[in-house]
Amino acid sequence: MATPRLAPPRSATHRRTTALVPFAIVIALLWAAWPTPAQAHCDGLDGPVVTAARQALQAGDPNLVLIWVQKKDEPEIRRAFERTTKLRKLGADAKDVADTWFFETLVRVHRAGEGAPYDGLKPAGRDLGPAIPAADKAIATGDVAPLMKLLQRGVEEGLREQFEKVAALKGYAPGDVEAGRKYVGAYVTYLHYAERLYAASAHPAHGHFAEEEAAADGPHNEEE
């Protein structure tokens, strides 16, 4: 797959930053790799976990949702599924209550397996930003190119912005402490930004069943 072509430089500073753009290709999956719990969609009523729960209840097959929880949590989900299946037969109102309870139970257990808190089901149709819908669409269509372009553009723009802030403040007059402090502030932010980009590209994100993966891989000393 050919790498998307970048827009031509607009300024001398832009030309300097263009040399840094290939780095963006390496870390094009930044947002996918860097944990962003606020944007997680597994707790949404239109998210993949609840969607799987609806399908499982419709088919009468709990195996359709067990993939979303750890093995040690299978008994709890199986019991919840059996209880929900029985209650659904008592009428429309009971069915709605039972389904919602099952959705909540499944999402809570799923998020606990990720080491994430559960604070209730989220409404369908909420704004998840551009990355998550694009990532889901890439899986659905089998084409990751649009997602790569989206993430590459975001990383390029973010890195260029941080770089240009430092470049603009670099020429402060010797002895001008206030201007020097502004430069240092921008410099430190720029370095941390670059460091996080590299960390995101070099290490896989902690996702499902992180504690099992950590046990298999040995001790880690990564910062949260």
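Numbering (the working numbering), first residue to last: 46 to 269.
Where is the CB? At the ideal position from N, CA and C, for every residue including glycine.
Keep in mind it's a predicted model, so treat the numbers as computed, not measured.
Comparing alpha carbon positions, the residue from 212, 132, 244 closest to residue 231 is 212. Here residue 174 carries a coil assignment [DSSP, helix/strand/coil]. One thing to note: residue 179 has its Cβ within 9 Å of the Cβ of residue 195.
Per DSSP, the beta-bridge partners of residue 89 are 167. Taking each of 101, 130, 152 in turn and checking the Cα distance to residue 118, the smallest one comes out for 152. Around residue 170, the same chain offers 91 as residues with beta carbons nearer than 7 Å, after the five sequence neighbours per side are excluded.
Counting along the chain, the unbroken alpha helix (DSSP H) around residue 122 starts and ends at 119-132. By the C-beta density criterion, residue 237 is exposed, having fewer than 16 other C-beta atoms within 10 angstroms. With three or more CB-CB distances shorter than 8 Å, the stretch 150-169 counts as touching the stretch 109-118.
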